[in-house]
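Worksheet: the structure to be examined is printed underneath.
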Amino acid sequence: MTVAFLETVDLTCERDWRVLFAGLNLTVNLGQMLQVSGPNGSGKTSLLRLLSGLMQPTAGEILYQGVELRRQRHTLSQNLLWIGHAAGIKGLLTAEENLAWLTALQHGANAEDIYQALERVGLKGFHDVPCHTLSAGQQRRVGLARLHLPNAPKLWILDEPFTALDKQAVADLERHLAQHCEQGGMVIFTTHHELQHRPSQFTELDLGQRAV
Amino acid sequence: MSRVFFLLILREARLLARRPAELANPLVFFAIVIALFPLAVGPETQMLRTLSPGLIWVAALLAVLLSLENLFRSDFEDGSLEQWVVSPHPLTVLVLAKVFAHWLFSGLALVLLSPVLAIMLGLPADRVPILLASLLLGTPILSLLGAVGAALTVGLKRGGILLALLILPLYIPVLILGSGVLQAALQGLPTLGYLLWMASLMMLTITFTPFAIAAGLKISVGE
Numbered sequence: 321m322t323v324a325f326l327e328t329v330d331l332t333c334e335r336d337w338r339v340l341f342a343g344l345n346l347t348v349n350l351g352q353m354l355q356v357s358g359p360n361g362s363g364k365t366s367l368l369r370l371l372s373g374l375m376q377p378t379a380g381e382i383l384y385q386g387v388e389l390r391r392q393r394h395t396l397s398q399n400l401l402w403i404g405h406a407a408g409i410k411g412l413l414t415a416e417e418n419l420a421w422l423t424a425l426q427h428g429a430n431a432e433d434i435y436q437a438l439e440r441v442g443l444k445g446f447h448d449v450p451c452h453t454l455s456a457g458q459q460r461r462v463g464l465a466r467l468h469l470p471n472a473p474k475l476w477i478l479d480e481p482f483t484a485l486d487k488q489a490v491a492d493l494e495r496h497l498a499q500h501c502e503q504g505g506m507v508i509f510t511t512h513h514e515l516q517h518r519p520s521q522f523t524e525l526d527l528g529q530r531a532v
Numbered sequence: 013m014s015r016v017f018f019l020l021i022l023r024e025a026r027l028l029a030r031r032p033a034e035l036a037n038p039l040v041f042f043a044i045v046i047a048l049f050p051l052a053v054g055p056e057t058q059m060l061r062t063l064s065p066g067l068i069w070v071a072a073l074l075a076v077l078l079s080l081e082n083l084f085r086s087d088f089e090d091g092s093l094e095q096w097v098v099s100p101h102p103l104t105v106l107v108l109a110k111v112f113a114h115w116l117f118s119g120l121a122l123v124l125l126s127p128v129l130a131i132m133l134g135l136p137a138d139r140v141p142i143l144l145a146s147l148l149l150g151t152p153i154l155s156l157l158g159a160v161g162a163a164l165t166v167g168l169k170r171g172g173i174l175l176a177l178l179i180l181p182l183y184i185p186v187l188i189l190g191s192g193v194l195q196a197a198l199q200g201l202p203t204l205g206y207l208l209w210m211a212s213l214m215m216l217t218i219t220f221t222p223f224a225i226a227a228g229l230k231i232s233v234g235e
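Residue numbers (our numbering), protein chains in the order written: chain A, 321 to 532; chain B, 13 to 235.
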């Protein structure tokens, strides 16, 4: 039996004395896309934060390549790209500076790669503009440009990546995510909208139907 | 790893250069407090000279405390801290770089400004090197200890008062040693012992507080 890349065993999450979900078992394998859906407050973001190791579960455990996550933090962090609701973009820095710093935290990228990644998300010519002058959608694109950098990590955990994007950008991003999965990567994300482009291994987890 | 340390300092420098008010606030506070005192207690040189060690140190301490409240605030709000926590680099190294950058641009500026204010208070010019040494050793301790409190309170909406309550007791040894060394210098007593004590306290905080700051941030981010 092969070991799943990421697996949860009876995962329970409690916030402010309210159980968001309990006894959650799921596996994520190479090439898989997992869409987490459910109404507001059903614990979508919490689940993503648990999986990326930002939060500790109330009960149950998360196994990363068969070993408990807490003991695997370092290996996970090398394979993980997390973009939360706030993407870590500094308004005072330019798009280029923001990306250079965010990639320096991981594997690093050269100026040419960053420039091309910005071009891919439609921000050509905006690389030297301070991010606070960009629109919400453009700021989100700066964060998402990390997905277009070479040697991006394998596992992408994205919280509401489609927020504030226009139709064309949504379609492009969907295609890009599907392509990443087809190439053996993994994507876990939350969204409320129906995907048009799905990779062959697609699963949806509806937290609303599991409500306690 | 040292590359990230350097890049983070560069990033902080850029951020501060684009928002110079944040840099100037603690310095202006420091200068105003010290400039107001002679007006309030009267311009008697002898009395001001006796008061100057305590005065300079209390003002420096409060100025550092004031600047620390927002140390991690914007990084917390825009999600930068989450990126630090999930990155493969040790959080301890990142926070040490962050606090070092903060000290470099606010603490060190305070140290450089202090001789002017000290002479204004009537501190003899030949005691200024002692003042500089005590502040150079003391302000990193203040920044590092304060960062522990800032890390723990960053998730709270109004953490300012709580931060002061948490951190002020820890500041007291530094305050006593820092003003003590100047008092000893004014009375012509040996000062080396005080300075060595401060140096050892500084090494101790540099060694241990990054772990406490990192743990505090992980708790705040994990909420």
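Beta carbons are placed, not taken as given, at the ideal position from N, Cα and C, and that holds for glycine.
Subject >> Cβ pair A/Thr-328, A/Asp-479 closer than 8 Å >> reply: Position 8 of the first sequence, counted from the start, is the residue given in the question as residue 328 of chain A. Position 159 of the first sequence, counted from the start, is the residue given in the question as residue 479 of chain A. Not closer than 8 Å, so no.
**OP:** Consider the Cβ of B/Leu-27: report whether some Cβ of chain C lies at a distance smaller than 8 Å.
**Re:** In summary, chain C is missing from the structure at hand, where the protein chains are A and B.
Subject >> Distance, A/Leu-354 Cα to A/Val-532 Cα >> reply: Along the first sequence, read from residue 1 onward, the residue named residue 532 of chain A stands at position 212. Along the first sequence, read from residue 1 onward, the residue named residue 354 of chain A stands at position 34. For A/Val-532, the pLDDT reaches just 49, beneath the cut-off of 50, and the residue's location in the model is therefore unreliable, although a value from the coordinates is still provided. Their backbone Cα atoms lie some 21 Å apart in a straight line.
**OP:** State buried or exposed for B/Glu-94, treating a residue as buried only when at least 16 other CB atoms are found within 10 Å of its CB.
**Re:** In the second sequence, residue 94 of chain B corresponds to position 82, counting from 1. By the 10 Å Cβ count, B/Glu-94 comes out buried.
Original post:
Ordered along the chain, which non-local residues of its own chain (more than five positions away) have a Cβ less than 6 Å from that of B/Pro-190?
Top reply: Within the second sequence, the letter at position 178 stands for residue 190 of chain B. The displayed chain sequence assigns Gly, not Pro, to residue 190 of chain B. Answer for B/Gly-190: Trp-69, Ser-146 and Gly-150, listed in chain order.
Subject >> Through-space distance from B/Pro-50 to A/Thr-378, alpha-carbon basis >> reply: The residue you call residue 378 of chain A lines up with position 58 of the first sequence. The residue you call residue 50 of chain B lines up with position 38 of the second sequence. Whole-angstrom Cα-Cα distance: 58 Å.
Original post:
Out of B/Arg-139, B/Leu-177, B/Pro-65 and B/Pro-100, which has the shortest C-alpha to C-alpha gap to B/Leu-187?
Top reply: If you number the second sequence from 1, residue 187 of chain B lands on position 175. Considering only alpha carbons, the answer is B/Pro-65.
Subject >> A/Gln-376 in three-state terms, based on DSSP >> reply: Reading the first sequence from its first residue, position 56 is the one you call residue 376 of chain A. Of the three classes helix, strand and coil, the one that applies to A/Gln-376 here is coil, per DSSP.
Original post:
Does the Cβ-Cβ distance between A/Leu-400 and A/Leu-475 come in under 8 Å?
Top reply: Taking the first sequence and counting its residues from 1, the one referred to as residue 400 of chain A is at position 80. Taking the first sequence and counting its residues from 1, the one referred to as residue 475 of chain A is at position 155. When the beta-carbon positions are compared, A/Leu-400 and A/Leu-475 come within less than 8 Å of each other.
Original post:
Could one say the Cβ of A/Ile-434 lies closer than 8 Å to chain B's Cβ atoms, at least one of them?
Top reply: Counting from one through the first sequence, the residue named residue 434 of chain A turns up at place 114. So, not an interface residue.
**OP:** Determine, using beta carbons only, whether B/Phe-17 comes closer than 8 Å to chain A.
**Re:** Working through the second sequence from its first residue, we reach residue 17 of chain B at position 5. Using beta-carbon distances, B/Phe-17 does not count as an interface residue toward chain A, since no partner is under 8 Å.
**OP:** Just the C-alpha distance for A/Leu-396 and A/Leu-374, rounded to the nearest angstrom, thanks.
**Re:** Looking up residue 396 of chain A in the first sequence gives position 76. Looking up residue 374 of chain A in the first sequence gives position 54. Computed Cα separation, rounded: 12 Å.
**OP:** Helix, strand or coil for A/Asp-330, going by three-state DSSP, please let me know.
**Re:** Counted from its first residue, the first sequence places residue 330 of chain A at position 10. If DSSP states are grouped into helix, strand and coil, A/Asp-330 belongs with the strands.
**OP:** Could you name the residues that DSSP lists as bridge partners for B/Trp-209?
**Re:** For this step, residue 209 of chain B is matched to residue 197 along the second sequence. For B/Trp-209, which the question treats as bridged, DSSP gives no partner whatsoever.
Subject >> Paired residues, beta bridge with A/Leu-344 - DSSP >> reply: Counted from its first residue, the first sequence places residue 344 of chain A at position 24. Per DSSP, the beta bridge partners of A/Leu-344 are A/Leu-331.
Original post:
Is A/Gln-398 helix, strand or coil by DSSP?
Top reply: As a position in the first sequence, residue 398 of chain A is number 78, starting the count at 1. Three-state result, A/Gln-398: helix.
**OP:** Taking B/Trp-96 as the query, report the chain A residues whose CB atoms sit under 9 Å from its CB, ordered along the chain.
**Re:** For the purposes of this step, residue 96 of chain B is taken as the residue at position 84 of the second sequence. Result: Gly-408 and Leu-425.
**OP:** Say whether the segment 21-30 of chain B touches the segment 100-119 of chain B, bearing in mind that this needs 3 or more beta-carbon pairs closer than 8 Å, one atom from each stretch.
**Re:** yes
Original post:
With 8 Å set as the bound, which would you pick, yes or no: does the beta-carbon of B/His-101 sit closer than that to a beta-carbon of chain A?
Top reply: Residue numbering aside, residue 101 of chain B sits at position 89 when the second sequence is read from its first letter. So yes, B/His-101 belongs to the interface.
Original post:
Do you know offhand how far A/Pro-473's Cα is from A/Trp-402's?
Top reply: Locating residue 473 of chain A in the first sequence gives position 153, counting from the first residue. Locating residue 402 of chain A in the first sequence gives position 82, counting from the first residue. The straight-line gap from Cα to Cα measures roughly 10 Å.
Original post:
What does A/Phe-509 pair with, by DSSP beta-bridge criteria?
Top reply: Here the question's residue 509 of chain A lines up with position 189 in the first sequence. Per DSSP, A/Gln-355 and A/Leu-478.
Original post:
Taking C-alpha atoms, which residue in A/Ser-357, A/Leu-419, A/Ile-477 and A/Asp-526 lies nearest to A/Pro-450?
Top reply: As a position in the first sequence, residue 450 of chain A is number 130, starting the count at 1. Among A/Ser-357, A/Leu-419, A/Ile-477 and A/Asp-526, the Cα nearest to that of A/Pro-450 belongs to A/Leu-419.
Original post:
Quick one: does the C-beta of A/Arg-518 sit closer than 7 Å to a heavy atom of the ligand ATP?
Top reply: In terms of ligand content, the structure shown is empty, and the ligand ATP therefore cannot be addressed.
Original post:
Would you say B/Val-45 reaches chain A, if we count a Cβ-Cβ gap shorter than 8 Å as a contact?
Top reply: As a first step, residue 45 of chain B must be located in the second sequence, where it is residue number 33. With 8 Å as the cut-off, B/Val-45 does not count as an interface residue toward chain A.
Original post:
Where B/Gly-167 and B/Leu-178 are concerned, what is the direct C-alpha to C-alpha distance, given to the nearest angstrom?
Top reply: Taking the first residue of the second sequence as position 1, residue 167 of chain B is located at position 155. Taking the first residue of the second sequence as position 1, residue 178 of chain B is located at position 166. About 15 Å.
Original post:
Mind pulling the chain A residues with CB within less than 9 Å of B/Arg-30?
Top reply: On the second sequence, position 18 is the one that residue 30 of chain B refers to. Chain A residues near B/Arg-30: Leu-412, Leu-413 and Pro-450.
Original post:
Between A/Pro-359 and the rest of its own chain, which residues show a CB-CB distance below 6 Å, the 5 nearest in sequence each way excluded?
Top reply: Reading the first sequence from its first residue, position 39 is the one you call residue 359 of chain A. Within the same chain, A/Pro-359 has close Cβ partners Gly-528.
**OP:** Can you tell me which of the three DSSP states A/Glu-381 falls into?
**Re:** Stepping through the first sequence from its first residue, residue 381 of chain A is reached at position 61. Three-state result, A/Glu-381: strand.
**OP:** For chain A, find out if any of its Cβ atoms is closer than 8 Å to the Cβ of B/Glu-89; answer yes or no.
**Re:** Locating residue 89 of chain B in the second sequence gives position 77, where the first residue counts as 1. For B/Glu-89, the answer is yes, since a Cβ of chain A falls inside 8 Å of its Cβ.
Subject >> Same chain, Cβ closer than 6 Å to A/Gly-504, five either side skipped, listed in chain order >> reply: Start at 1 with the first residue of the first sequence, and residue 504 of chain A comes out as number 184. Taken in chain order, the residues that qualify are Leu-350 and Gly-351.
Original post:
In terms of DSSP beta bridges, what is A/Glu-388 paired with?
Top reply: Translated into positions along the first sequence, residue 388 of chain A becomes position 68. Per DSSP, the beta-bridge partners of A/Glu-388 are A/Leu-383.
Original post:
Rounded to whole angstroms, how far is the Cβ of A/Gly-457 from the Cβ of A/Ala-484, which I believe are closer than 8 Å?
Top reply: Taking the first residue of the first sequence as position 1, residue 457 of chain A is located at position 137. Taking the first residue of the first sequence as position 1, residue 484 of chain A is located at position 164. Rounded, the Cβ-Cβ distance is 4 Å, consistent with contact.
Original post:
Which two residues bound the contiguous beta strand (DSSP E) that contains A/Asp-526?
Top reply: Translated into the one-based positions of the first sequence, residue 526 of chain A becomes position 206. Per DSSP, A/Asp-526 belongs to the beta strand (DSSP E) from 522-526.
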